[in-house]
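Structure first, commentary second.
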Amino acid sequence: MSLGSEIIFVKNLTSTNSHAIQLLSLKKLKEGTVIQTNYQSAGRGQPGNRWESEDGKNLLFSLILYPSKIKPDEQFIVSMAISLGITDFLHRYIPAASIKWPNDIYVNSDKIAGILIESSVMGSDIEYLIAGIGLNVNQEIFKGNAPNPVSMKKITGSDYIVNDCLTGLVACIDRRYNRILSGEFNKIKEDYNSRLFRNMDWFEFRDQEGIYTGKIREVTDSGTLIIEKRSGIKIEYSFKEVEFIL
Ligand code: BTN
């Protein structure tokens, strides 16, 4: 499987994920097709959030996947592979890049990339999976209300050719995705857990009961996060049930 052999580029879109869903409703696209744009008028983030990106400065694309051997309740493994692919790519320039559970890409305490995975399930199978990726490349000023955006340029001081980043990044995702296709789930899970933001020490977290100090233990196969409290009690969280205190 070689991802990125077909690239559909449209100068302006509402959202590459929305465009992908629309195209898939009309015809089947080849696995690994990339839908890329320079500007999104309604870029979508995690539910309730927008994704801000200055025209032509960053990477904005969606990748079409058909992970037919993966069941809907195992699909977090794809999210793990994508997060690993992005950090593999970033490590060439920014060794500090890490994965903030579940799938934000961070450098120190700032967010450099976001992933929006949307899938369609038919019966007990994944019909398609769209991995929407926004990587901040050359943008220097962020005007939206995202709390802590950063870009490759802001960190390294260098300008990058956005399309070279696309080629490099898709190749890194391809390597990780092929590992899951060949059944190497354990390697992906191990690498994902070892690359997690704040996985080595005690940090503050907030849940519905308040702020406490805890240590990340692991992310489970279904994508829940297990944090151990100082008392030794382990708590399992779904997305949005716990917040990192940055
Ligand atoms: C997040 O909130 O962290 C997820 C952000 C995902 C943004 C990307 S940009 C390309 C693709 N199209 C969208 O509308 N969103 C994703």
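Under the working numbering, think of the first position of the sequence shown as 264, with each following residue one higher.
In this text, a Cβ means the ideal position worked out from N, Cα and C, and glycines have one as well.
| Skipping 5 residues on each side, what residues in its chain have a beta carbon closer than 8 Å to that of Q338? | P330, I380, S382, I389 and L392
* Look up P310 in the DSSP assignment and say whether it is helix, strand or coil. => Correct three-state label for P310: coil.
Checklist entry - Cβ of G319 within 8 Å of any heavy atom in ligand 1? => result Distances between the C-beta of G319 and the heavy atoms of ligand 1 are all 8 Å or more.
Less than 9 Å between the beta carbons of K274 and T300, yes or no? yes
Taking the alpha carbon of K478 as the point to measure from, which residue in L353, Q402, L459 and Q471 has its own alpha carbon closest? The residue with the shortest Cα to Cα distance from K478 is L459.
inquiry  = Between the alpha carbons of R480 and L444, how many angstroms are there, rounded?
reply    = Distance between the alpha carbons of R480 and L444 is about 26 Å.
- Could you pull the start and end residues of the beta strand (DSSP E) that F536 belongs to? Nothing in the structure corresponds to residue 536, since the chain is present only between 264 and 509.
Point to revise | Delimiting residues of the alpha helix (DSSP H) encompassing I378 | key: I378 -> not in any alpha helix (DSSP H); beta strand (DSSP E) instead, spanning D373 to M385.
Since D351 is in the alpha helix (DSSP H), which residue starts that stretch and which ends it? F339 to L353
Item to complete: Could you give the DSSP three-state label for G431: helix, strand or coil?
Response: Judged by DSSP in its simplified three-state form, G431 adopts helix.
| request: Assign K363 to one of three DSSP states: helix, strand, or coil. | output: In the structure shown, K363 sits in a strand (DSSP, three-state: E or B).
Is the beta carbon of S278 within less than 8 Å of some heavy atom of ligand 1?
-> yes
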